[in-house]
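Read through the structure below, which is laid out as structure tokens, and then see the notes.
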Amino acid sequence: MPLTGLKIGLIGGGAMGGALATGLVKSGRVPAGALLVSDVNVRCLRNLEETLGVRAFQDNEPVAGEADVVILAVKPDVVVPVLQGIGSLLRPEQTLISIAAGVPLVRLERNIPGPVPVVRVMPNTPCLVGAGASAYALGSNAGPRDAARAEAVFSSVGRVVAVKEVLLDAVTGLSGSGPAYIYLVIEALADGGVRMGLPRDVALVLAAQTVLGAARMVLETGEHPAQLKDRVTTPAGTTAAGLFVLEDRSVRAALAEAVRAAAARSRELSTGGNS
Ligand SMILES: NC(=O)c1ccc[n+]([C@@H]2O[C@H](COP(=O)([O-])OP(=O)(O)OC[C@H]3O[C@@H](n4cnc5c(N)ncnc54)[C@H](OP(=O)(O)O)[C@@H]3O)[C@@H](O)[C@H]2O)c1
Numbered sequence: 008m009p010l011t012g013l014k015i016g017l018i019g020g021g022a023m024g025g026a027l028a029t030g031l032v033k034s035g036r037v038p039a040g041a042l043l044v045s046d047v048n049v050r051c052l053r054n055l056e057e058t059l060g061v062r063a064f065q066d067n068e069p070v071a072g073e074a075d076v077v078i079l080a081v082k083p084d085v086v087v088p089v090l091q092g093i094g095s096l097l098r099p100e101q102t103l104i105s106i107a108a109g110v111p112l113v114r115l116e117r118n119i120p121g122p123v124p125v126v127r128v129m130p131n132t133p134c135l136v137g138a139g140a141s142a143y144a145l146g147s148n149a150g151p152r153d154a155a156r157a158e159a160v161f162s163s164v165g166r167v168v169a170v171k172e173v174l175l176d177a178v179t180g181l182s183g184s185g186p187a188y189i190y191l192v193i194e195a196l197a198d199g200g201v202r203m204g205l206p207r208d209v210a211l212v213l214a215a216q217t218v219l220g221a222a223r224m225v226l227e228t229g230e231h232p233a234q235l236k237d238r239v240t241t242p243a244g245t246t247a248a249g250l251f252v253l254e255d256r257s258v259r260a261a262l263a264e265a266v267r268a269a270a271a272r273s274r275e276l277s278t279g280g281n282s
């Protein structure tokens, strides 16, 4: 769905809000003048105003009142107070998108007086470089128009999929926390290269580019990773020797267990709040 003609509002222009603003403007899908950002942090706000040319506000009300799509990008503990401040301005023809981790749709809806469509999204930090992985779930008043709006926004900063809300903890455990797992993998691969004599900077570029290349092969060929792996594993060859070590040290099980642990922690954190 094109975002043409729609005004996009961001409440909170910090790490994720700023990444979204940058991605939206750079994608060319939203002209800077149609992007409204509010933040209590004047430094953040001025930076976005000067670098992107967005319309910047120190109060949330003008953004909530004017934008067609209002994206809540404040920390989870400020979401309810922010909603209590802007809730009466929101209208059913708008779409409210929350990216706050662990704040359920029911809690968002409970803090808005009218039947405003709400979408909950879990993005990740590679949105900063247009390579984010986001998943969204629709609230009780949201329909296909709101899904299309959410997809248009988040596809401009990476890939986006729809899931049931109950799966957002799993999403947090996989793609939300996943960049950190892969940073660790990249660092470890680079350490291995250094151990075998490569200069540190060369090893790091080779490691990161290898992860990027493998990810693109999976996404762009559509082939199963096992097929891609088998194709580069010559009998009695170098890759087979390396793979045996990874399987022997249970790397596969460790990564799967990391996703489970992070998803469980996400669920614990989201059931901790009750306002
Ligand atoms: N960063 C991530 O990797 C990531 C990934 C997925 C989801 N998220 C979600 O994204 C949301 C934002 O996270 P973030 O990392 O971008 O946080 P952040 O960098 O702290 O940005 C939030 C911004 O909102 C401002 N703010 C605070 N109270 C406000 C208010 N009442 N009205 C308007 N603006 C207000 C903050 O100002 P001050 O700095 O002055 O407080 C800050 O500039 C969170 O809910 C988080 O769960 C983040």
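Numbering (the numbering used here), first residue to last: 8 to 282. Each residue gets a CB set at the ideal place from its N, CA and C atoms; glycine is no exception.
Whether Lys165 touches Ser184 by CB criterion (9 Å): Here residue 165 is Gly; the residue named in the question, Lys, does not match the sequence. Cβ atoms of Gly165 and Ser184: not closer than 9 Å.
Proximity test, Thr132 beta-carbon vs ligand 1 heavy atom, cut-off 8 Å: yes
Exposure of Tyr143, with buried meaning 16 or more beta-carbon neighbours within 10 Å: buried
Host alpha helix (DSSP H) of Val225 (start-end): 207–228
Check: Gly150 C-beta below 8 Å from any heavy atom of ligand 1: no
Cβ neighbour criterion (16 or more within 10 Å) applied to Val81: buried
Sequence ranges, beta strand (DSSP E) only - wholly within the segment 89–122, length at least 3: 102–105
For Ser34, the nearest candidate out of Phe161, Ala22, Thr102 (CA to CA): Phe161
DSSP beta-bridge partners of Arg62: Leu43
Alpha carbon of Thr179 to alpha carbon of Gln91, nearest angstrom: 26 Å
Limits of the beta strand (DSSP E) - the one that Arg274 falls within: Arg274 -> not in any beta strand (DSSP E); alpha helix (DSSP H) instead, spanning 258–277.
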